[in-house]
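Enquirer:
Protein chains: 2
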Amino acid sequence: MAKRGYDVEVFERRDDIRAAVEVKGRSINLALSHRGRKALNSIGIEDDVLESAIPMKGRLLHSAKGELKRVVYDPTFNQCIFSVGRNYLNKKLIQATTNFPNVKIYFNHLLTRSNFEEGSVTLINLKTCEEFKRNADLIIGADGAYSKLRLAMQQTPQFQYSQQYIEHGYLELSIRPQMGHKMEPNNLHIWPRGKFMMIALPNQDSSWTVTIFMPFEKFENLSTPKKVLKFFQDTFPDSVDLIGENDIVDTFLKNRPSELVSIKCSPYHIGGKFLIIGDAAHAMVPFYGQGMNAGFEDCSLLDDLLEKNRNDIAKTIQEYSKVRVKNAHAICDLAMYNYVEMRDLVNRIGFQWRKSIDHLLFRSFPNKWIPLYNSVSFSTMEYNQCVCNRKWQDRVIYKIVMTIGIIIGTIVIIFFKSFIYK
Amino acid sequence: MAKRGYDVEVFERRDDIRAAVEVKGRSINLALSHRGRKALNSIGIEDDVLESAIPMKGRLLHSAKGELKRVVYDPTFNQCIFSVGRNYLNKKLIQATTNFPNVKIYFNHLLTRSNFEEGSVTLINLKTCEEFKRNADLIIGADGAYSKLRLAMQQTPQFQYSQQYIEHGYLELSIRPQMGHKMEPNNLHIWPRGKFMMIALPNQDSSWTVTIFMPFEKFENLSTPKKVLKFFQDTFPDSVDLIGENDIVDTFLKNRPSELVSIKCSPYHIGGKFLIIGDAAHAMVPFYGQGMNAGFEDCSLLDDLLEKNRNDIAKTIQEYSKVRVKNAHAICDLAMYNYVEMRDLVNRIGFQWRKSIDHLLFRSFPNKWIPLYNSVSFSTMEYNQCVCNRKWQDRVIYKIVMTIGIIIGTIVIIFFKSFIYK
Numbered sequence: 143m144a145k146r147g148y149d150v151e152v153f154e155r156r157d158d159i160r161a162a163v164e165v166k167g168r169s170i171n172l173a174l175s176h177r178g179r180k181a182l183n184s185i186g187i188e189d190d191v192l193e194s195a196i197p198m199k200g201r202l203l204h205s206a207k208g209e210l211k212r213v214v215y216d217p218t219f220n221q222c223i224f225s226v227g228r229n230y231l232n233k234k235l236i237q238a239t240t241n242f243p244n245v246k247i248y249f250n251h252l253l254t255r256s257n258f259e260e261g262s263v264t265l266i267n268l269k270t271c272e273e274f275k276r277n278a279d280l281i282i283g284a285d286g287a288y289s290k291l292r293l294a295m296q297q298t299p300q301f302q303y304s305q306q307y308i309e310h311g312y313l314e315l316s317i318r319p320q321m322g323h324k325m326e327p328n329n330l331h332i333w334p335r336g337k338f339m340m341i342a343l344p345n346q347d348s349s350w351t352v353t354i355f356m357p358f359e360k361f362e363n364l365s366t367p368k369k370v371l372k373f374f375q376d377t378f379p380d381s382v383d384l385i386g387e388n389d390i391v392d393t394f395l396k397n398r399p400s401e402l403v404s405i406k407c408s409p410y411h412i413g414g415k416f417l418i419i420g421d422a423a424h425a426m427v428p429f430y431g432q433g434m435n436a437g438f439e440d441c442s443l444l445d446d447l448l449e450k451n452r453n454d455i456a457k458t459i460q461e462y463s464k465v466r467v468k469n470a471h472a473i474c475d476l477a478m479y480n481y482v483e484m485r486d487l488v489n490r491i492g493f494q495w496r497k498s499i500d501h502l503l504f505r506s507f508p509n510k511w512i513p514l515y516n517s518v519s520f521s522t523m524e525y526n527q528c529v530c531n532r533k534w535q536d537r538v539i540y541k542i543v544m545t546i547g548i549i550i551g552t553i554v555i556i557f558f559k560s561f562i563y564k
Numbered sequence: 143m144a145k146r147g148y149d150v151e152v153f154e155r156r157d158d159i160r161a162a163v164e165v166k167g168r169s170i171n172l173a174l175s176h177r178g179r180k181a182l183n184s185i186g187i188e189d190d191v192l193e194s195a196i197p198m199k200g201r202l203l204h205s206a207k208g209e210l211k212r213v214v215y216d217p218t219f220n221q222c223i224f225s226v227g228r229n230y231l232n233k234k235l236i237q238a239t240t241n242f243p244n245v246k247i248y249f250n251h252l253l254t255r256s257n258f259e260e261g262s263v264t265l266i267n268l269k270t271c272e273e274f275k276r277n278a279d280l281i282i283g284a285d286g287a288y289s290k291l292r293l294a295m296q297q298t299p300q301f302q303y304s305q306q307y308i309e310h311g312y313l314e315l316s317i318r319p320q321m322g323h324k325m326e327p328n329n330l331h332i333w334p335r336g337k338f339m340m341i342a343l344p345n346q347d348s349s350w351t352v353t354i355f356m357p358f359e360k361f362e363n364l365s366t367p368k369k370v371l372k373f374f375q376d377t378f379p380d381s382v383d384l385i386g387e388n389d390i391v392d393t394f395l396k397n398r399p400s401e402l403v404s405i406k407c408s409p410y411h412i413g414g415k416f417l418i419i420g421d422a423a424h425a426m427v428p429f430y431g432q433g434m435n436a437g438f439e440d441c442s443l444l445d446d447l448l449e450k451n452r453n454d455i456a457k458t459i460q461e462y463s464k465v466r467v468k469n470a471h472a473i474c475d476l477a478m479y480n481y482v483e484m485r486d487l488v489n490r491i492g493f494q495w496r497k498s499i500d501h502l503l504f505r506s507f508p509n510k511w512i513p514l515y516n517s518v519s520f521s522t523m524e525y526n527q528c529v530c531n532r533k534w535q536d537r538v539i540y541k542i543v544m545t546i547g548i549i550i551g552t553i554v555i556i557f558f559k560s561f562i563y564k
């Protein structure tokens, strides 16, 4: 918006993380892929961010016996996703913003009321407790999964809304920095265990962010140091020494697992002035690594539409909502599905067989047969189109398999007939 | 609760309707059936309410040519549902409450905050603007589809929630009191038109409450008196004189159609003290006539469980939520489905054929084969069980039809074979 020449005021609830010693909140790493990179590129910080990121070429699966199996994301073109630190990225983004004289950032400010008819919002300065009203040509709520602006929008007529908490929670552990990475760094490590899983993402200081996703009741059952350790030794034996027994027990007994929520709503705007983007509009479970990328793509789309509509804000946000809702719903659904893929399907023969077929066809017809993961992570194809594409591929493969089956069946029958009647 | 001996305080946002001259809000009639009657009976006002209600034995369908067709609800046992005035019923309920010295009712009071950790609520007296806190052993939100208590519950972790507005709105018309009813009073009149419909419910003063349900955009297209009248004359010709041309035009041009929302959530309680019931927990579209009945059944169930659990409130509301969520979700879905039945399916041969089969079997096996509408409207079978029941019946009928088809097919083949080989 600042690049387009608008005067921008940013109100942020938290402290300025550039000044803070330690940052509260989720330290979980972010997976940066094509859509996010494209948006960062358009504001000139892509290279900067990639420099301190760690490329991940595929999934490295750890079996319960400690054996490793590699599943490369893109064997055809070797594209990869990037593990980025949340704080590092946030700082870069704030710094990029301060280059514009027409942007003012206010920290420790909270939205308290949205007045849709008046076209204003009320904010509170959390340091001084002073409350004040603000008016603007466009008010964007990029205030996350628990968005206050969306909560107000939800109370207007015809607003479709659903929030779904999944029955699994997550707990974050870490492998401390070492002299060099103790596991292969250029991979997303997964310990898929069917009904639950653990993953690890690499950091530049050779530490790892480890996350365990599990049903809440399974967490509750691990209520003593002994139970926790036994569970780890049985289930993730090769991780115990890396994380450290004390850290494992401490993390489990001193923390409650966090919730995972999937939020869908429609529309994303109220009238011609209020808009929600990012997690505020479409919070999703983290299993496709697309939450941040989808949020950044929101910015690209908004920018493109403002360009196309010559800065007609009302027209733009209406069109934005129309295009974006169906795509955001699609990626929310894909993210939900991908949990099953990561924790279970990756281990199955059928999944690996399908992946080989997909990449064989992708190599032969790179513009026609784009596998689902590639279209989502390494292209800007609309999410909804990615899903349609996959359904079409499923139908084609089904028909091929059926045809082969019928041909082989026929040959076998002919063979046996000629054998019997000989 | 008062009957069980508790001290009860009721806080109601509106004025005392017993004193008010005209009551704002929806005047739409309510359809009282078995579940509602049972609850009213348990507080001793069933007979009183039925006395001023009008029994409706079935649906009377009006074709576009003004022809009538009768679809009786229960040809087997002649059970019927009752058209009740909302205001009359509300007054009766308030009066019944005042008989208990341990009930205090406060009108013009609004819930402003729910403090789940403290176990208290903050309320405001809308006349004096005085705000105050209240504590209690049990805090029940029976505050309707736009419940403030549910809105607060929605912002706690693990609360599943969805609100779905359908693309159709409704507008209320009326047929003024006449010297005697001008249409057959003991019926729910329907003008089913496929994509939309009009219905009429009888009142005791020989007036009728008429409601038209239609896509919002269809309402918007009817923007001039000429268009409105032409639409009515073409679509509902036999209703024009009854409602009156001026009233029709006035209603359409001076009012915006109202929204219809379906709300599902889970759980219905927070901790051992906060509970939502009625529309606050499960607002539904009005097409099964079960919204009020389900709400009243909530009260019966709560009372039964308090009895069973010897007034252990925490245990009761947890159990209540567990039992009720699945049944409320089932009736919300049924209500959504019934719109299609009322506006479209009632006119189809397949629907009428199925209805005949259902009642033939019902008459033969009254305890085994209970048709869906009967189990929902004339029994206390759990809503979820009504749906399972119907699925089982569908399977049985499918098998019978298939078997008959195969037998007839076989006979035909044998017949032709013997004919050809003769």
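One line per chain: the protein sequences are A and B, in this order. With the numbering used here applied, the first sequence has no gaps in its numbers, which climb one by one up to 564 at the end. With the numbering used here applied, the second sequence has no gaps in its numbers, which climb one by one up to 564 at the end. Think of the CB as a built atom: it goes at the ideal place given N, C-alpha and C, for glycine as much as any other residue.
Taking the C-alpha atoms as reference points, what is the distance between threonine 522 of chain A and asparagine 451 of chain A?
Expert: Taking the straight line joining both Cα atoms gives about 21 Å.
Enquirer: With C-beta atoms as the reference, is leucine 252 of chain B less than 8 Å away from leucine 231 of chain B?
Expert: No, they are not a contact pair.
Enquirer: Give me whichever residues DSSP pairs with glycine 200 of chain B in a beta bridge.
Expert: Beta-bridge pairing links glycine 200 of chain B to B:Val214.
Enquirer: What three-state label does DSSP hand glutamate 188 of chain B in the structure shown?
Expert: It is helical.
Enquirer: Buried or exposed for aspartate 440 of chain A, please, with buried defined as at least 16 other CB atoms from any protein chain shown within 10 angstroms of its CB.
Expert: So aspartate 440 of chain A ends up on the buried side.
Enquirer: Using the three-state DSSP reduction, which class does methionine 321 of chain B fall into: helix, strand or coil?
Expert: In the structure shown, methionine 321 of chain B sits in coil (DSSP, three-state: anything other than H, G, I, E or B).
Enquirer: Below 8 Å, can you find three or more Cβ-Cβ pairs linking the stretch 222–237 of chain B to the stretch 544–562 of chain A?
Expert: They do not touch, by the three-pair rule.
Enquirer: Using the Cβ count rule (16 or more neighbours within 10 Å means buried), how would you classify lysine 166 of chain A?
Expert: For lysine 166 of chain A, the predicted structure reports a pLDDT of 46, less than 50, and the residue's modelled location is therefore unreliable. A value from the coordinates is still provided. By the neighbour-count rule (16 or more Cβ atoms within 10 Å), lysine 166 of chain A is not buried but exposed.
Enquirer: DSSP puts threonine 264 of chain A in a beta bridge; with which residues?
Expert: In DSSP, threonine 264 of chain A forms a bridge with A:Arg255, A:Lys275.
Enquirer: Please report the distance separating the alpha-carbon of serine 404 of chain B from that of alanine 425 of chain B.
Expert: Using only the alpha carbons, I get a separation of about 5 Å.
Enquirer: Give a yes or no on contact between the stretch 244–261 of chain B and the stretch 404–423 of chain B, applying the rule of three or more CB pairs nearer than 8 Å.
Expert: Touching, yes, given that three or more Cβ pairs across the two stretches are closer than 8 Å.
Enquirer: Let me know the secondary structure DSSP gives proline 367 of chain A once reduced to three states.
Expert: Helix.
Enquirer: Report the neighbours of proline 299 of chain A on chain B: residues whose CB is nearer than 8 Å to its CB, in chain order.
Expert: Here the neighbours are Tyr307, Glu401.
Enquirer: Using a cut-off of 8 Å between C-beta atoms, extract the partners of tyrosine 303 of chain B located in chain A.
Expert: Under the 8 Å cutoff, chain A gives Tyr303, Ser304, Gln305.
Enquirer: Have a look at the DSSP bridge pairing and note the partners of phenylalanine 224 of chain B.
Expert: In DSSP, phenylalanine 224 of chain B forms a bridge with B:Leu174, B:Pro197.
Enquirer: By Cβ distance, which residues of its chain are closer than 6 Å to threonine 436 of chain A, with the 5 residues on each side in sequence left out?
Expert: Reading off the sequence shown, one finds alanine at residue 436 of chain A, where the question assumed threonine. Closer than 6 Å at Cβ, skipping near neighbours: Ile473.
Enquirer: In the DSSP output, what is valine 152 of chain A paired with across the bridge?
Expert: Looking at the DSSP assignment, valine 152 of chain A forms a beta bridge with A:Ile247.
Enquirer: With which residues is isoleucine 555 of chain B paired in a DSSP beta bridge?
Expert: DSSP, once it has assigned bridges, lists no residue as partnering isoleucine 555 of chain B.
Enquirer: Starting from histidine 411 of chain B, follow its DSSP beta bridges and name the residues at the other end.
Expert: Answer by DSSP bridge pairing, in chain order: B:Leu417.
Enquirer: For a minimum of 4 consecutive residues, which ranges assigned as the alpha helix (DSSP H) are wholly contained in the stretch 427–483 of chain B?
Expert: Within the stretch 427–483 of chain B, the complete alpha helix (DSSP H) runs of at least 4 residues are 433–450.
Enquirer: Grab me the residues of glutamine 302 of chain B's own chain with a C-beta within less than 7 Å of its C-beta, minus the 5 sequence neighbours each way, in chain order.
Expert: Cβ neighbours of glutamine 302 of chain B beyond the five flanking positions: Cys407, Ser408.
Enquirer: Looking at asparagine 171 of chain B and threonine 393 of chain B, is the spacing between their C-beta atoms short of 8 Å?
Expert: Result no, Cβ atoms of threonine 393 of chain B and asparagine 171 of chain B do not sit closer than 8 Å.
Enquirer: Spatial neighbours of lysine 180 of chain A within its chain, please: C-beta separation below 7 Å, excluding the five flanking residues on both sides.
Expert: Once the five neighbours on either side are set aside, the close Cβ partners of lysine 180 of chain A are Ser442, Thr522.
Enquirer: Is DSSP giving leucine 280 of chain B helix, strand or coil here?
Expert: Here leucine 280 of chain B sits in coil by DSSP.
Enquirer: Tell whether a beta-carbon distance below 8 Å holds between proline 357 of chain A and histidine 411 of chain A.
Expert: Against a cut-off of 8 Å, the Cβ pair of histidine 411 of chain A and proline 357 of chain A comes out as no contact.
Enquirer: Do you know whose CA, among A:Thr353, A:Thr240, A:Asp347, lies nearest glutamine 320 of chain A's CA?
Expert: Ranking the options by Cα distance to glutamine 320 of chain A, first place goes to A:Asp347.
Enquirer: Count the other C-beta atoms from every protein chain shown that fall within 10 angstroms of the C-beta of phenylalanine 219 of chain A, then say buried if there are 16 or more, exposed otherwise.
Expert: Exposed, because fewer than 16 other Cβ atoms sit within 10 Å of the Cβ of phenylalanine 219 of chain A.
Enquirer: On the three-state DSSP scale, how would you describe lysine 406 of chain A?
Expert: Here lysine 406 of chain A sits in strand by DSSP.
Enquirer: Take tyrosine 525 of chain A and list the residues in its own chain whose beta-carbon comes closer than 6 Å to its own, dropping the five residues that flank it on each side.
Expert: Cβ neighbours of tyrosine 525 of chain A beyond the five flanking positions: Asn469, Ala472, Ile473.
Enquirer: With the cut-off set at 8 Å, would you say tryptophan 333 of chain A and serine 381 of chain A are in Cβ contact?
Expert: Their beta carbons are under 8 Å apart, which means tryptophan 333 of chain A touches serine 381 of chain A by this criterion.
Enquirer: If we ignore side chains and look at the alpha-carbon of each, how far apart do arginine 466 of chain B and leucine 402 of chain A end up?
Expert: Going by the C-alpha atoms only, they are around 25 Å apart.
Enquirer: From the DSSP output, in three-state form, read off phenylalanine 114 of chain A for me.
Expert: Missing from the structure shown is residue 114 of chain A; chain A here goes from 143 to 564 and no further.
Enquirer: In the DSSP assignment, find the beta strand (DSSP E) that holds alanine 342 of chain B and state where it starts and stops.
Expert: Alanine 342 of chain B -> beta strand (DSSP E) spans 339–344.
Enquirer: Let me know the secondary structure DSSP gives serine 348 of chain B once reduced to three states.
Expert: Coil at serine 348 of chain B, not helix or strand.
Enquirer: Can at least three beta-carbon pairs, one atom from the stretch 237–247 of chain B and one from the stretch 150–162 of chain B, be found at a separation below 8 Å?
Expert: Touching, yes, given that three or more Cβ pairs across the two stretches are closer than 8 Å.
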